[in-house]
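Chains as they are written, first to last, in the working numbering: chain A, 43 to 404; chain B, 43 to 404; chain C, 43 to 404; chain D, 43 to 404; chain E, 43 to 404. C-beta atoms are modelled at their ideal positions from N, C-alpha and C, and glycine is treated no differently.
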Amino acid sequence: MAKTKRKRLSLRRPKSSKALNQIPGTVTYVGTKQSTETLLDVIDYNAEHYERFTSKNPQDALKFEDESKVTWINIDGLNNTGEIEKLGKYFELHPLILEDIANTNQRPKIDEYQDYLFIVAKMLYYNGDGTLQIEHISLVVGQDYVLTFQEAGGDVFDGVRERIEQKKGRIRNRNADYLMFALLDAIIDNYFIVVEDISEKIEGFEDQIFLNDQDDDLVREIQELKRAIVRIRRSVFPLREVLGRLEKLNHPIIDENTGNYLRDLVDHIIQISENIDIYREMIWSLMDMYMTTISNKMNEVMKVLTIMASIFIPLTFIAGIYGMNFEYIPELQWKYSYFVLWGVMIIVFFVMLYYFKRKKWL
Amino acid sequence: MAKTKRKRLSLRRPKSSKALNQIPGTVTYVGTKQSTETLLDVIDYNAEHYERFTSKNPQDALKFEDESKVTWINIDGLNNTGEIEKLGKYFELHPLILEDIANTNQRPKIDEYQDYLFIVAKMLYYNGDGTLQIEHISLVVGQDYVLTFQEAGGDVFDGVRERIEQKKGRIRNRNADYLMFALLDAIIDNYFIVVEDISEKIEGFEDQIFLNDQDDDLVREIQELKRAIVRIRRSVFPLREVLGRLEKLNHPIIDENTGNYLRDLVDHIIQISENIDIYREMIWSLMDMYMTTISNKMNEVMKVLTIMASIFIPLTFIAGIYGMNFEYIPELQWKYSYFVLWGVMIIVFFVMLYYFKRKKWL
Amino acid sequence: MAKTKRKRLSLRRPKSSKALNQIPGTVTYVGTKQSTETLLDVIDYNAEHYERFTSKNPQDALKFEDESKVTWINIDGLNNTGEIEKLGKYFELHPLILEDIANTNQRPKIDEYQDYLFIVAKMLYYNGDGTLQIEHISLVVGQDYVLTFQEAGGDVFDGVRERIEQKKGRIRNRNADYLMFALLDAIIDNYFIVVEDISEKIEGFEDQIFLNDQDDDLVREIQELKRAIVRIRRSVFPLREVLGRLEKLNHPIIDENTGNYLRDLVDHIIQISENIDIYREMIWSLMDMYMTTISNKMNEVMKVLTIMASIFIPLTFIAGIYGMNFEYIPELQWKYSYFVLWGVMIIVFFVMLYYFKRKKWL
Amino acid sequence: MAKTKRKRLSLRRPKSSKALNQIPGTVTYVGTKQSTETLLDVIDYNAEHYERFTSKNPQDALKFEDESKVTWINIDGLNNTGEIEKLGKYFELHPLILEDIANTNQRPKIDEYQDYLFIVAKMLYYNGDGTLQIEHISLVVGQDYVLTFQEAGGDVFDGVRERIEQKKGRIRNRNADYLMFALLDAIIDNYFIVVEDISEKIEGFEDQIFLNDQDDDLVREIQELKRAIVRIRRSVFPLREVLGRLEKLNHPIIDENTGNYLRDLVDHIIQISENIDIYREMIWSLMDMYMTTISNKMNEVMKVLTIMASIFIPLTFIAGIYGMNFEYIPELQWKYSYFVLWGVMIIVFFVMLYYFKRKKWL
Amino acid sequence: MAKTKRKRLSLRRPKSSKALNQIPGTVTYVGTKQSTETLLDVIDYNAEHYERFTSKNPQDALKFEDESKVTWINIDGLNNTGEIEKLGKYFELHPLILEDIANTNQRPKIDEYQDYLFIVAKMLYYNGDGTLQIEHISLVVGQDYVLTFQEAGGDVFDGVRERIEQKKGRIRNRNADYLMFALLDAIIDNYFIVVEDISEKIEGFEDQIFLNDQDDDLVREIQELKRAIVRIRRSVFPLREVLGRLEKLNHPIIDENTGNYLRDLVDHIIQISENIDIYREMIWSLMDMYMTTISNKMNEVMKVLTIMASIFIPLTFIAGIYGMNFEYIPELQWKYSYFVLWGVMIIVFFVMLYYFKRKKWL
């Protein structure tokens with residue numbers, strides 16, 4: 043249970059799901075994560091070269107205009123929409139892209155522009171205190187650069203950063219498209235963790251139900267998990283289509299070799315989608331099982347009541363008969379009638395017992 | 043609860059869902075909103091120029107035949123079908139279009155004509171007293187004009203009017219197709235508000251169920267919400283197809299730049315559709331949860347009954363035994379038998395208590 | 043309730059759903075409606091001319107071979123299959139068409155022949171005593187004639203006949219294809235009436251459930267409505283495909299102008315189909331609600347039982363104690379013990395009451 | 043009920059649903075029907091000529107090599123796989139065809155070969171003692187011959203045989219493709235009979251439920267019917283696709299005229315499929331209704347208990363009070379207190395009665 | 043029950059469903075089956091020649107480079123990923139293939155490379171102690187060789203090996219593509235066994251429910267079976283698409299003749315998929331039935347309670363009346379009143395009995 047507490051899913055849907063009645067193209071941040079400032083984390087590399095620094099000034103990023111190197115600029119903090127707009131101007135991004143970067147309710151999608159690709163996805167991860175985070179992330183992928191926009195600090199890309207820095211695997215020898223793949227792969231890898239956690243929770247609920255160990259919160263917890271799955275589903279499913287299109291895209295910045303890797307991503311996202319649907323179904327059947335358990339319990343309660351009442355009500359009646367004050371009740375005068383009555387009662391008692399036994403209620 | 047009252051959804055479906063046995067092409071208003079007169083609200087603008095006036099005379103609108111300006115004519119009040127027909131003649135609209143303008147049961151659709159586009163949609167908004175309004179709206183979009191036909195006064199376009207008047211955003215520099223986009227965008231923005239309200243209602247119901255705070259009306263209210271969702275769904279879903287076709291349309295009056303914005307609309311309408319389906323599923327599972335709660339409660343009632351009966355029925359039987367009037371009951375003469383009996387009863391009482399405790403009924 | 047009786051749906055499926063083991067092409071009537079004779083109702087018209095007469099002799103119809111006029115021949119009564127075959131020969135219809143005309147179980151369809159179109163549909167209407175009729179109707183549409191075959195007298199075409207006779211609307215100026223459209227439109231208009239009636243019934247059931255006013259027949263009536271919807275659905279849904287094909291058909295007898303009107307029909311049939319599916323779902327959720335109501339009621343019954351039993355069983359036990367005949371029960375001799383006991387009982391009574399109040403059972 | 047017994051569906055799925063771990067192409071019979079010998083029934087005909095004989099020797103069949111006549115060879119008994127293989131060699135059939143002929147678990151399908159078509163279907167019919175038979179049947183259709191392979195004697199083709207013999211209808215004037223159509227038509231005609239029987243069973247169950255006449259076997263019988271529908275569905279549904287392909291096939295042995303008739307078959311199989319799905323849904327809703335009935339009954343039981351207990355428990359308590367043996371109970375000495383008490387009890391009784399009446403429990 | 047124990051399904055999902063945050067292309071084994079060493083089983087054959095040996099050294103396998111023979115190399119044990127990578131280098135396999143070979147969570151798929159096909163499937167079989175095994179298997183099929191990678195020893199291919207060794211059937215005369223078909227056929231044959239076992243289990247559960255023989259574990263066992271079906275479904279369903287693509291593939295290593303056999307495989311996998319879906323539905327309806335049974339039982343319990351209480355509570359009340367100690371109760375003095383009272387009680391008893399009989403509770 044300690045664990046359940048640690049990883050409590052944040053279920054409340056963010057309020058004001060769209061900045062309403064805005065002029066289209068307006069950059070409005072509607073998420074809940076607040077950064078005090080917008081921070082750029084820039085990594086510039088090729089097979090031989092590696093450089094990383096952070097800055098608050100977008101202009102610093104622009105010095106890496108050398109096409110022989112890949113520049114990855116990660117921007118944390120979308121609530122300072124002014125900064126985002128300034129960045130957009132530096133990188134010459136379409137105003138609708140800027141709107142989508144800041145609109146954390148935007149569903150995953152891919153938009154193809156002449157010089158770059160624009161991809162929206164959702165990061166799922168557990169943060170420090172075990173809360174599930176659904177974080178909006180946008181990727182702009184050009185020939186020799188990748189821009190990533192996140193709601194706030196904390197992400198799933200540390201593995202990728204390490205691989206770049208320590209020259210692990212192929213990443214230093216490849217272009218921006220491979221970096222994009224590596225980032226998407228890292229996002230999807232974290233989906234597996236979340237999906238596995240759901241599966242464990244379902245098993246936990248099942249055990250609770252079977253061990254008759256459920257507390258009053260079980261229905262609520264199941265309901266919350268159901269809702270969490272719904273939200274995760276909404277974050278993950280559109281990515282399936284996005285990756286499918288990405289794989290089939292014939293865009294100059296996507297190298298043919300990377301295509302193989304993208305096919306792999308599609309495989310993974312399909313697998314996750316299938317699992318999510320399976321867990322959805324399992325959670326429905328969990329409620330079914332729970333109902334059955336309740337019914338079984340009530341059955342048991344009823345049996346106890348019926349057995350107690352059925353045995354003692356007739357006996358009490360018999361006792362009542364001989365508690366009557368009629369002047370002339372012949373049995374009352376007989377010497378052994380009290381003991382005979384006990385005998386009769388004991389026989390009735392055992393006949394009843396046998397009857398319930400045969401009915402398999404005992 | 044005050045809020046629930048304020049925003050009560052009007053659920054009754056309008057009667058006579060089609061003017062039956064009419065000659066096809068007959069313009070018949072079947073809605074419930076009544077305007078005393080049909081009013082034209084005309085806005086004429088381009089980047090430099092802005093003019094607005096209202097009139098009851100369609101001919102007044104025709105003076106803006108200057109192609110360099112965009113003319114937006116908004117017509118309120120469809121119940122005066124005679125006026126509508128007159129307007130139709132002025133603007134040379136096809137008779138079937140006029141029928142669709144007046145037939146408030148027409149589902150959202152798009153019809154492509156040589157010189158103009160005809161779009162039917164539904165406005166969802168809360169009016170003054172918090173009632174959800176589903177209002178039929180038709181757009182006729184030509185090269186330099188937009189006609190909007192509404193059932194009655196009150197709409198969701200005030201933001202657009204303000205932007206035109208105050209020259210906010212791009213709208214004054216663009217053509218009629220951008221105005222069409224802005225109007226559709228305003229309609230869809232209001233869907234988000236309604237959908238959010240539904241989501242809040244569902245959460246309210248959930249809390250009521252979990253806090254055991256449900257009154258007798260809960261099932262009815264859930265049922266009403268279910269029906270409201272069904273009606274909203276019917277208003278919103280066909281628009282998905284309409285916007286999809288609009289985006290792909292290769293019609294001269296749609297500028298290529300506007301296409302990007304339309305793609306955005308499609309994104310939004312898909313998101314709303316998905317949310318509606320999610321809420322639909324959640325409301326089903328709400329009924330499930332409610333059933334579980336009822337069952338749990340009945341279980342509790344049964345337990346109380348069973349415990350009370352199981353404890354006191356045997357004790358009453360014992361008391362009944364010694365209330366019998368047999369002449370010879372040896373125990374009755376013994377001095378301490380009354381106190382011994384009390385002891386026996388107290389033991390029976392605690393044995394029972396222990397038994398129910400172990401069964402976790404207490 | 044009077045109304046429910048008036049409009050009782052005839053639910054029993056006709057027996058022998060196909061004339062079995064027949065030679066293919068055999069004309070067999072399997073419906074239940076019996077006409078004593080097959081009657082031809084012939085209307086011949088163009089913009090200037092109008093003539094109408096009835097006859098039992100097919101040959102009478104043939105005199106209108108003038109191509110400048112539209113001839114509508116309506117045949118009532120399919121049970122005289124000999125007559126149908128004779129008619130078929132006169133009009134040179136394919137034997138499989140004749141089989142489909144008589145086979146009232148044939149689902150709606152469209153068959154395209156070189157010189158004519160063959161359309162099968164179902165008329166839904168309430169006859170005099172309020173019973174829902176599902177009547178098989180076949181249309182053969184040629185260049186300058188329309189043949190309609192109905193099971194028996196009584197149909198939904200009176201509006202069309204009136205329009206022809208009184209020269210209302212466009213019909214007298216158009217060709218046979220427009221007449222076909224007008225007839226199909228009349229059929230579909232009646233679907234709206236039936237669908238509306240279903241919706242009213244559902245609302246009636248809902249009110250019954252919420253007002254706790256249900257009698258024993260409610261479940262049966264809901265079940266009957268469910269079955270009626272199933273049958274209506276089966277009559278209506280295939281027409282969607284039929285009209286879709288009709289709209290796209292490039293057949294010489296369909297004028298381009300009529301295409302616009304057909305698109306309108308498709309709109310209507312889609313709307314009806316959607317409504318039927320919505321009512322289907324609503325009726326399922328009606329059963330759900332009914333179950334909830336039953337459970338709530340049982341809960342209430344249980345509560346009354348539990349309160350009564352829990353209060354009086356312990357009190358009866360106490361009374362039983364002092365009804366025992368032990369020689370030495372000290373309390374019995376005390377002067378005020380009877381009144382003290384009453385005090386104790388009243389306290390127990392109110393403690394119980396308070397307990398149930400706090401549990402919100404009272 | 044007698045009827046239900048007569049037509050009991052054989053529900054147990056045949057064991058060993060595939061001859062496992064066999065070399066592909068091995069001819070293995072896995073059905074349950076045993077014929078002692080494989081019998082050929084040969085009919086040879088054209089418009090003028092008709093001949094029929096039976097034989098155990100495949101070679102006898104080969105003498106009809108005259109292309110101007112149609113030869114229909116019907117083979118009963120698949121368990122003698124040796125014979126089947128011999129026949130296969132005579133008719134030069136592909137080994138995989140032979141495997142499919144003997145494998146009674148093969149689902150309906152159509153395979154197109156250069157000189158012939160291979161069609162697998164399922165015959166549904168009631169045999170003598172009213173048991174539903176699902177029999178595997180394979181058709182090989184060539185230019186001037188049709189081979190039909192059945193599991194055992196007894197089929198649905200007697201009507202076709204009679205038509206050939208007695209020259210009814212078109213069959214004697216047509217080719218092998220029309221014979222194929224006639225056989226498939228006969229198979230599908232029998233589906234209608236089976237489907238109608240299901241519909242009658244469902245109605246019977248409904249009546250049982252509504253008349254409160256259900257015995258303990260009802261749930262089991264419903265479950266069995268559900269399973270029967272599942273099996274029938276599996277036999278019928280794939281045929282839809284088969285006939286659809288057959289209709290569209292451009293194979294030399296299919297005459298264009300026969301195409302019209304095939305379209306008719308497709309119509310029929312769609313109609314049957316739709317009915318099966320409707321019955322499936324109805325049977326689910328039957329269980330729903332049954333549950334409702336049970337709940338209603340339990341409600342009634344509970345009410346009786348509650349009324350009895352609520353009325354008599356307080357009365358018994360009152361009687362208990364005055365059965366106490368306190369020395370000083372003032373009421374005991376009063377002369378009319380016994381009668382007063384009776385009055386009080388009768389008042390309590392009627393108050394209770396009124397209370398339950400108002401609650402509509404009586 | 044002994045059998046149920048023997049064939050217990052292993053339901054727990056393997057932990058760590060993907061080696062997370064790995065560099066893409068990394069070969070990581072995530073399964074649970076451990077082999078101490080990776081073993082190669084090599085079979086080399088053509089029509090005349092047959093040779094078989096096992097080795098731990100991949101290089102041994104390479105000596106069979108003669109293209110006129112088919113070489114089947116079966117590798118057991120995926121946990122030694124180092125060995126797998128070495129093998130991959132010998133056979134020049136793409137790194138992503140190696141990752142998929144070792145990743146036992148990879149869903150079935152087919153990848154087409156220039157010189158070979160890569161197929162992932164799942165073997166389902168019962169091992170020695172009756173546990174269901176879901177084993178990951180990968181096939182690499184080249185012009186004259188087939189590589190099969192299994193998690194551990196024990197598979198479903200003994201029949202194929204025997205056929206090769208003993209020259210049964212066509213296999214020795216065919217190429218590597220036919221061997222691939224034979225292996226896939228063997229895998230699918232085992233699906234039939236597993237699916238049949240599920241069907242038997244469902245029937246067993248049904249019998250338990252109908253015979254009222256269910257123990258407390260029944261719900262849990264049904265739930266486990268449900269989960270097993272979900273897992274099997276996930277293993278089997280993607281293969282449908284794989285085989286569909288394989289059949290349509292126009293790859294040089296697939297001989298046209300083998301195409302016929304592949305079509306057969308597709309038939310089989312569709313049949314299995316359909317069966318799995320049917321069993322899924324049946325198991326849902328099993329829970330329904332179980333709920334009905336519980337409700338019926340509770341009904342019976344309630345009836346017994348109601349009958350006992352309703353009969354004896356009024357009788358006890360009557361007895362209570364005459365147990366009162368009023369000074370003046372006239373009946374007490376009458377001589378035969380005790381016997382009259384017995385008479386009254388017996389009449390009440392039988393009236394009650396008759397009442398319950400008429401209500402069909404007895």
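Problem set entry | Listed by chain order, chain C residues near D/E316 by CB distance under 8 Å | As a working note, residue 316 of chain D is residue 274 in the fourth sequence. The contacting residues are R149, R276.
Exercise. Do three or more CB pairs link the stretch 289 to 303 of chain B to the stretch 142 to 161 of chain B at distances below 8 Å?
Worked result: yes
For this session: Using only alpha-carbon positions, find the residue among A/M331, A/F223, A/T300 that is nearest to A/D249.
Result: Position 207 of the first sequence, counted from the start, is the residue given in the question as residue 249 of chain A. Nearest option by C-alpha distance: A/M331.
For this session: Taking C-beta pairs closer than 8 Å, name the residues in chain A that B/K345 reaches, listed in chain order.
Result: Position 303 of the second sequence, counted from the first residue, corresponds to residue 345 of chain B. The answer, in chain order, is V343.
Exercise. Who are the near neighbours of B/E125 in its chain, counting only those whose CB is closer than 7 Å to its CB and skipping five residues on each side?
Worked result: Reading the second sequence from its first residue, position 83 is the one you call residue 125 of chain B. The residues are T80.
Problem set entry | Buried or exposed (CB count within 10 angstroms, at least 16 for buried), A/Y396 | By one-based count along the first sequence, residue 396 of chain A stands at place 354. A/Y396 comes out exposed.
Problem set entry | Counterpart residues of B/R322 in DSSP-defined beta bridges | By 1-based counting over the second sequence, the position of residue 322 of chain B is 280. Bridge partners of B/R322: none, in fact.
Exercise. So, does the CB of A/Y303 fall closer than 8 Å to a CB anywhere in chain E?
Worked result: In the first sequence, residue 303 of chain A corresponds to position 261, counting from 1. It does; some Cβ of chain E falls within 8 Å.
Problem set entry | Inside the stretch 188 to 262 of chain B only - beta strand (DSSP E) runs reaching at least 3 residues | none
For this session: Name the two residues that bound the continuous alpha helix (DSSP H) containing E/V405.
Result: Only positions 43 to 404 of chain E appear in this structure, which leaves residue 405 of chain E out of reach.
Exercise. By the 10 Å Cβ neighbour count, where 16 or more other Cβ atoms means buried, how is A/L404 classified, buried or exposed?
Worked result: Here residue 404 of chain A refers to the residue found at position 362 when the first sequence is read from its first residue. Classification for A/L404: exposed.
For this session: Could you tell me whether the Cβ atoms of A/T70 and A/A144 are closer together than 8 Å?
Result: Stepping through the first sequence from its first residue, residue 70 of chain A is reached at position 28. Stepping through the first sequence from its first residue, residue 144 of chain A is reached at position 102. It is a contact, given that the beta carbons lie within the stated cut-off.
For this session: Could you list the residues in the stretch 123 to 146 of chain B with a C-beta less than 8 Å from some C-beta on chain A, going in chain order?
Result: none
Exercise. Considering only C-alpha positions, which residue in the set E/I264, E/Y220, E/I152 is nearest to E/S241?
Worked result: Here residue 241 of chain E refers to the residue found at position 199 of the fifth sequence. Considering only alpha carbons, the answer is E/I264.
Exercise. Taking Cβ positions, are D/F398 and D/I349 nearer each other than 8 Å?
Worked result: Here the question's residue 398 of chain D lines up with position 356 in the fourth sequence. Here the question's residue 349 of chain D lines up with position 307 in the fourth sequence. The answer is yes: Cβ separation under 8 Å.
Exercise. Just the Cα atoms here: how many angstroms apart are D/E245 and C/M329?
Worked result: Here residue 245 of chain D corresponds to residue number 203 of the fourth sequence, with the count starting at 1. Here residue 329 of chain C corresponds to residue number 287 of the third sequence, with the count starting at 1. One C-alpha to the other measures close to 19 Å.
Problem set entry | Spatial neighbours of A/R94 in its chain, beta-carbon cut-off 6 Å, leaving aside the 5 residues before and after | On the first sequence, position 52 is the one that residue 94 of chain A refers to. So the qualifying residues of the chain are I85.
For this session: Just the C-alpha distance for C/V382 and D/I353, rounded to the nearest angstrom, thanks.
Result: Working through the third sequence from its first residue, we reach residue 382 of chain C at position 340. Working through the fourth sequence from its first residue, we reach residue 353 of chain D at position 311. Spanning the two alpha carbons is a distance of roughly 26 Å.
For this session: Can you have a look at A/V14 and say buried or exposed, based on whether 16 or more other CB atoms are within 10 angstroms of its CB?
Result: Nothing can be reported for residue 14 of chain A, as the shown portion of chain A is limited to 43 through 404.
Exercise. Does DSSP put B/R94 in a helix, in a strand, or in coil?
Worked result: Translated into the one-based positions of the second sequence, residue 94 of chain B becomes position 52. Here B/R94 sits in strand by DSSP.
Exercise. Hey, quick one: how far does the beta strand (DSSP E) through D/I115 stretch, first residue to last?
Worked result: By 1-based counting over the fourth sequence, the position of residue 115 of chain D is 73. 112 to 118 is the span of the beta strand (DSSP E), which, as asked, contains D/I115.
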